[in-house]
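Residue numbers (the numbering used here), protein chains in the order written: chain Y, 1 to 187; chain Z, 1 to 315. One structure below.
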């Protein structure tokens with residue numbers, strides 16, 4: 001047990017009392033400060049543009065899907081919540097046959113957005129995704145695919161990639177050299 | 001005949017008033033604590049969150065009335081009733097306005113001190129009857145704390161009694177017509193107020209309940225309505241101490257323009273808010289620091305106050 005020490009003497013002398021009174025006054029004056037609470041849902045908090053919220057699949061500026069089903073996002077995901085299957089349409093373009101994200105597993109880390117080479121998968125600032133049944137938290141491709149380009153407005157992967165798809169032959173991309181003619185003897 | 005009707009009206013009025021204020025304090029405390037902590041209290045349920053009180057009451061009433069199998073049944077049930085009865089009985093002597101009090105008791109102040117001593121029983125019995133370690137510790141600490149702070153609560157009031165010449169609370173209020181007793185008896189006021197905070201075991205003296213330490217202390221095994229009774233009983237104790245401080249030190253119903261009852265209620269409300277402000281501000285001292293403060297600082301102060309007052313009055 002504590003013996004009669006210095007701070008007991010201080011309290012007896014009332015010096016401690018003064019600091020107590022000062023604390024009471026300070027807390028009383030906080031009454032006149034603005035309160036720090038944000039009254040959700042009437043007021044919304046400020047969300048910065050790079051805030052990692054709900055995941056979407058975006059489209060090209062030309063309207064086609066950006067996702068080439070390369071599985072990089074599924075590989076990068078630390079909790080394995082992305083599931084997809086690649087397929088190829090008749091014109092040489094790869095696309096995901098199904099694309100499923102289990103949002104009850106997703107930790108909104110953004111690794112998939114960093115891994116994606118075509119800016120297809122993006123994290124938006126939306127966070128109001130509550131559901132009553134856990135099964136409703138598994139989003140399919142029709143829930144994820146949006147009609148616009150998302151955060152990156154001008155990027156079209158197929159313009160800079162060296163593939164030949166419908167409407168664009170090899171050698172016609174931006175910054176792309178024409179393919180080498182292997183039958184020509186010129187260097 | 002009219003006298004009896006008036007007496008009955010006042011008695012029921014005080015009873016319902018005390019219970020209502022005890023209940024409203026739940027809401028008021030949460031809002032005021034939030035005000036001083038830079039946040040809002042309950043403001044969703046009804047205007048200003050006022051419907052929070054009925055919502056909480058419905059929740060408390062609907063809870064399962066469970067008595068621990070290891071508890072002492074009869075004592076377990078009686079303990080919250082003891083504090084309720086003791087506080088309500090003390091309300092009978094409080095003078096609200098000239099002519100409005102339940103009983104004009106010649107030993108009013110002594111009666112209040114006796115009832116607050118009975119209040120210690122509720123805590124000790126609750127701690128013991130719960131049959132669990134934390135409750136027992138809380139009950140022991142509470143009874144020791146309340147007993148020691150009661151000593152100088154009585155002593156600090158003796159100065160007021162000497163100045164007024166009577167134990168009757170109405171005479172004490174009447175004697176403050178010229179100057180409120182807080183001016184000559186400032187030390188007595190400070191000691192009484194601190195002792196009052198300890199008696200109702202509010203912060204900073206709430207080791208008995210110690211929400212973050214003793215797992216709610218002596219009322220940790222209580223749930224539902226019995227816990228509600230402890231809770232409301234504590235708030236009624238706060239109201240009682242505020243009302244008594246007003247009556248004994250701050251002139252009771254005296255005031256310039258407004259009717260006396262309004263003055264009394266305003267001053268009581270001010271002191272209740274002060275209770276809540278202290279709860280928002282001060283940290284909780286350790287148990288031995290608390291006891292040391294009581295016996296080594298407050299008791300000598302109240303004795304010195306008594307001696308000085310006696311010397312001046314008896315000259």
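Glycine included, each C-beta is placed from N, C-alpha and C at the ideal position.
Check: Smallest Cα separation from residue 201(Z): which of 106(Z), 154(Z), 120(Z)?; Outcome: 120(Z)
Check: In chain order, which continuous runs of the beta strand (DSSP E) of length 3 or greater are located wholly inside the region 33-93 of chain Y?; Outcome: 55-57, 82-88
Check: If you scan the region 149-175 of chain Y from start to end, which runs of the alpha helix (DSSP H) of 4 or more residues do you find wholly inside it?; Outcome: 157-160
Check: Give, in chain order, every residue of the region 265-279 of chain Z whose Cβ lies closer than 7 Å to some Cβ of chain Y.; Outcome: 277, 278
Check: So with Cβ pairs under 7 Å, would you call residue 206(Z) a contact of chain Y?; Outcome: no
Check: Where residue 172(Z) and residue 159(Z) are concerned, what is the direct C-alpha to C-alpha distance, given to the nearest angstrom?; Outcome: 11 Å
Check: Check each candidate in 74(Z), 39(Z), 72(Z), 31(Z) and name the one with the smallest Cα separation from residue 53(Z).; Outcome: 31(Z)
Check: Ends of the alpha helix (DSSP H) at residue 315(Z)?; Outcome: Residue 315(Z) -> no alpha helix (DSSP H), and no H or E assigned at all.
Check: Between 150(Y), 126(Y), 105(Y), which lies nearest to residue 137(Y) when the distance is taken from Cα to Cα?; Outcome: 105(Y)
Check: Quick check on residue 264(Y) - is its C-beta less than 7 Å from some C-beta in chain Z?; Outcome: Outside the modelled stretch of chain Y, which goes from 1 to 187, sits residue 264(Y), for which no answer is possible.
Check: Around the Cβ of residue 186(Y), are there at least 16 other Cβ atoms within 10 angstroms (buried) or fewer (exposed)?; Outcome: exposed
Check: Taking Cβ-Cβ distances below 7 Å as the criterion, which residues of the region 35-63 of chain Z are in contact with chain Y?; Outcome: 35, 36, 38, 39, 40
Check: Between which residues of its own chain and residue 313(Z) is the CB-CB distance below 6 Å, once the five residues before and five after are set aside?; Outcome: 162
Check: Whole alpha helix (DSSP H) runs in the region 252-298 of chain Z with 4 or more residues, listed along the chain?; Outcome: 260-281, 287-292
Check: Does the region 252-265 of chain Z come close enough to the region 89-102 of chain Z to have 3 or more Cβ pairs within less than 8 Å?; Outcome: yes
Check: For residue 35(Y), would you say it is in contact with chain Z, using Cβ-to-Cβ distances shorter than 7 Å as the test?; Outcome: yes
Check: With 7 Å set as the bound, which would you pick, yes or no: does the beta-carbon of residue 29(Y) sit closer than that to a beta-carbon of chain Z?; Outcome: no
Check: Need the endpoints of the beta strand (DSSP E) that residue 123(Y) sits in, please.; Outcome: 121-123
Check: Using only alpha-carbon positions, find the residue among 10(Z), 132(Z), 144(Z) that is nearest to residue 103(Z).; Outcome: 10(Z)
Check: Does the beta carbon of residue 245(Z) come closer than 7 Å to any beta carbon on chain Y?; Outcome: no
Check: Which residue marks the beginning of the alpha helix (DSSP H) containing residue 109(Y), and which one marks its end?; Outcome: Unbroken run through residue 109(Y): none, as it is neither H nor E.
Check: What does residue 281(Z) touch in chain Y if you count any residue whose Cβ is under 7 Å from its own?; Outcome: 23, 24, 27
Check: Using a Cβ-Cβ cut-off of 8 Å (strictly less than) and excluding sequence neighbours within five positions of residue 131(Y), which residues of its own chain qualify?; Outcome: 137
Check: Pairs of beta-carbons, one from the region 72-81 of chain Y and one from the region 153-173 of chain Y, closer than 8 Å: are there three or more?; Outcome: no
Check: Please state whether DSSP places residue 203(Z) in a helix, a strand or coil.; Outcome: coil
Check: Once DSSP output is grouped into helix, strand and coil, what is the label at residue 105(Z)?; Outcome: coil
Check: Check for me: the alpha helix (DSSP H) holding residue 56(Z) runs from which residue to which?; Outcome: 52-61
Check: Would you say residue 323(Z) and residue 294(Z) are within 7 Å of each other, going by their C-beta atoms?; Outcome: Any property of residue 323(Z) remains undetermined from this structure, which presents chain Z solely from 1 to 315.
Check: Short check: CB of residue 152(Z) to CB of residue 191(Z), under 7 Å?; Outcome: yes
Check: Relative to the C-alpha of residue 168(Z), which residue among 132(Z), 244(Z), 235(Z), 116(Z) is closest?; Outcome: 244(Z)
Check: Using 10 angstroms around the beta-carbon of residue 206(Z), count the other beta-carbons present and answer buried if the total reaches 16, otherwise exposed.; Outcome: buried
Check: Over what stretch of residues does the alpha helix (DSSP H) that includes residue 174(Z) continue unbroken?; Outcome: 169-174
Check: What does residue 20(Y) reach in chain Z if we use C-beta pairs closer than 7 Å?; Outcome: 282
Check: Round the Cβ separation of residue 81(Y) and residue 101(Y) to the nearest angstrom and send it over; I've been treating them as touching at under 8 Å.; Outcome: 6 Å
Check: Taking a contact to mean a Cβ-Cβ separation below 7 Å, would you say residue 145(Y) touches residue 57(Y) in this structure?; Outcome: yes
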